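According to this note's numbering, the sequence shown holds residues 1 to 286 in order.
Positions of the beta carbon are idealized from the N, C-alpha and C atoms, including for glycine.
Small disclaimer: the values here were computed from a predicted structure and weren't measured.
Beneath this line is the structure, given in structure tokens, with notes to follow.
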Amino acid sequence: MQIAVVGSGTMGHGIAEVAAMAGMEVKLIDISWDILNKAKERMYDSLKRLHERGTIKETPDSVLSRVEMSTSYEIARQSDFAIEAVPEILDLKRKVFQELDKVVPKDSILATNTSSIPISDIGEITSRKERVIGMHFFNPPPLMKLVEVIPSKYTDPDVTNFTVDLAKKMGKTPVRLRVEVPGFVSNRIFLRLLQEACREVESREATVEEVDSSARNKLKLPMGVFELADYVGLDVVVDLWKVIVERGGTDVKCSSYKEKVERKELGVKSGKGFYAYPSPGKYSKV
Ligand code: 3HC
């Protein structure tokens, strides 16, 4: 089984890592070798932690021997399944799908890791919209069990079944959506949390720390709402919010996330968000 992954950022490198851990051959594509080499370091670091904890028996080098990287789509010529994990911009995703449609064998499946864009809007650009599906992983992909599988109105049911099985082979717990709603199941819940947390802080009912303490200690979330927003990336939060609301989701008045993004405070990745992170890109709070 060969999987192509396009985009090697936060989600892409994690998805490539998960596929390689499951014994699959992986072709990882991005626009520059700088980005790809950084992705390789991040995969190595994660695999090392998993190996040291005994979660995986294989060494990081052995797992990574199944990952080939390239700046060219040509590498995906024999892939059985391709998944894109590029930023949440419809035109960009469509461009990636057009490229994949040209090189990946016609009977292979094209998947998108979009967190909120309707799959039909992406699939329509290809010559095989019935073989296009959503496969939405969560950050960090090596640890998060949930994978949402989202068929569009065009998707062949066999493609959906194949994708559900693939998620299981990767050790994940797939949730198959029945209706293609923006934000799918989990991000619609996540957006409500983000909105209410923001409203409480902006109306001075509670501080950021108090909201997060409540989320951890009452809701038993592994992270507070603002911590999770920092972890996911505040730019991602703003994009996700926009896409869901533009497609009919409920909006609330809140400027905190947008203001931080305007100040280039993106959370863990930039070293500062609602909290400060001593090494940008690494989740460890001061
Ligand atoms: N790879 C391997 N190991 C990792 C890792 C990674 N990427 N990230 C963390 N770990 C390991 C750490 O090394 C540590 O190992 P140890 O116990 O042996 O020391 C262990 O996981 C716990 O990590 P930390 O001590 O740093 O911190 P936490 O206990 O808080 O765990 C977490 C970190 C697993 C990320 C946990 O906080 C968590 O599950 N948070 C919620 C994440 C979540 O909800 N993600 C979904 C976001 S929404 C999304 O992605 C959708 C998108 O569309 C927006």
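- Message: Suppose only complete runs of 4+ residues qualify. What are the alpha helix (DSSP H) ranges in the region 231-268, listed by chain order?
- Response: 234-246 and 256-262
- Span separating the alpha-carbon of D235 from that of S270: Here the question's residue 235 lines up with position 235 in the sequence shown. Here the question's residue 270 lines up with position 270 in the sequence shown. Computed Cα separation, rounded: 11 Å.
- Task: On the DSSP bridge assignment, give the partners of I116 in chain order.
- Result: In the sequence shown, counting from the first residue as 1, residue 116 sits at position 116. Residue 116 is actually Ser in this sequence, not Ile. In DSSP, S116 forms no bridge with anything.
- Query: Can the beta-carbon of K172 be found closer than 8 Å to that of V132?
  - Reply: Taking the first residue of the sequence shown as position 1, residue 172 is located at position 172. Taking the first residue of the sequence shown as position 1, residue 132 is located at position 132. Going by C-beta atoms, K172 is not nearer than 8 Å to V132.
- Query: Taking the alpha-carbon positions, what's the S46 to G134 distance?
  - Reply: Counted from its first residue, the sequence shown places residue 46 at position 46. Counted from its first residue, the sequence shown places residue 134 at position 134. Distance between the alpha carbons of S46 and G134 is about 25 Å.
- Query: Since V86 contacts A20 with CB under 8 Å, what's their CB separation in whole angstroms?
  - Reply: Taking the sequence shown and counting its residues from 1, the one referred to as residue 86 is at position 86. Taking the sequence shown and counting its residues from 1, the one referred to as residue 20 is at position 20. No, V86 and A20 are not in contact; Cβ-Cβ is about 20 Å, not under 8 Å.
- When DSSP builds the beta bridges, which residues end up paired with G134? The residue you call residue 134 lines up with position 134 of the sequence shown. DSSP, once it has assigned bridges, lists T112 and I150 as partnering G134.
- CA-CA distance, K220 and K264? On the sequence shown, residue 220 is found 220 positions in, with the first residue counted as 1. On the sequence shown, residue 264 is found 264 positions in, with the first residue counted as 1. Rounded to the nearest angstrom, the two C-alpha atoms are 30 Å apart.
- Buried or exposed: S116, going by 16 or more other Cβ atoms within 10 Å of its Cβ? On the sequence shown, residue 116 is found 116 positions in, with the first residue counted as 1. With 16 or more Cβ atoms within 10 Å of its Cβ, S116 is classed as buried.
- Message: At 4 residues or longer, what runs of the alpha helix (DSSP H) sit wholly inside the region 60-100?
- Response: 60-64
- For L92, is the classification buried or exposed, using 16 other Cβ atoms within 10 angstroms of its Cβ as the cut-off for buried? Sequence index remark: in the sequence shown, residue 92 carries index 92 (1-based). Under this definition L92 is an exposed residue.
- Should P280 go down as buried or exposed, given a rule of 16 or more other Cβ atoms within 10 Å for buried? Residue numbering aside, residue 280 sits at position 280 when the sequence shown is read from its first letter. Result: exposed.
- In or out: N187 buried (at least 16 other Cβ within 10 Å) or exposed? The residue given as residue 187 occupies position 187 in the sequence shown. Buried, since its Cβ has 16 or more Cβ neighbours within 10 Å.
- Message: I need the boundaries of the beta strand (DSSP E) containing K27, first residue and last residue.
- Response: Counting from 1 along the sequence shown, the entry for residue 27 is found at position 27. That run of the beta strand (DSSP E) goes E25 to I29.
- Message: Going by beta-carbon coordinates alone, are P141 and E17 separated by less than 8 Å?
- Response: Taking the first residue of the sequence shown as position 1, residue 141 is located at position 141. Taking the first residue of the sequence shown as position 1, residue 17 is located at position 17. Contact flag set, yes.
- Task: Measure the C-alpha to C-alpha separation of Y154 and V201 and round it to an integer number of angstroms.
- Result: Residue 154 sits at position 154 when you count from the first residue of the sequence shown. Residue 201 sits at position 201 when you count from the first residue of the sequence shown. In a straight line, the C-alpha of Y154 is about 42 Å away from that of V201.
- Query: When DSSP labels each residue in this structure, what does R176 get in the three-state scheme?
  - Reply: Here residue 176 refers to the residue found at position 176 of the sequence shown. Looking at R176 - three-state DSSP - the assignment turns out to be strand.
- Message: Just to confirm before moving on: does the CB-CB distance between F137 and I35 stay below 8 Å?
- Response: The count along the sequence shown starts at 1 and reaches residue 137 at position 137. The count along the sequence shown starts at 1 and reaches residue 35 at position 35. Result no, Cβ atoms of F137 and I35 do not sit closer than 8 Å.
- State yes or no: is the C-beta of N187 nearer than 7 Å to some heavy atom of the ligand 3HC? As a first step, residue 187 must be located in the sequence shown, where it is residue number 187. True, at least one ligand heavy atom lies under 7 Å from that Cβ.
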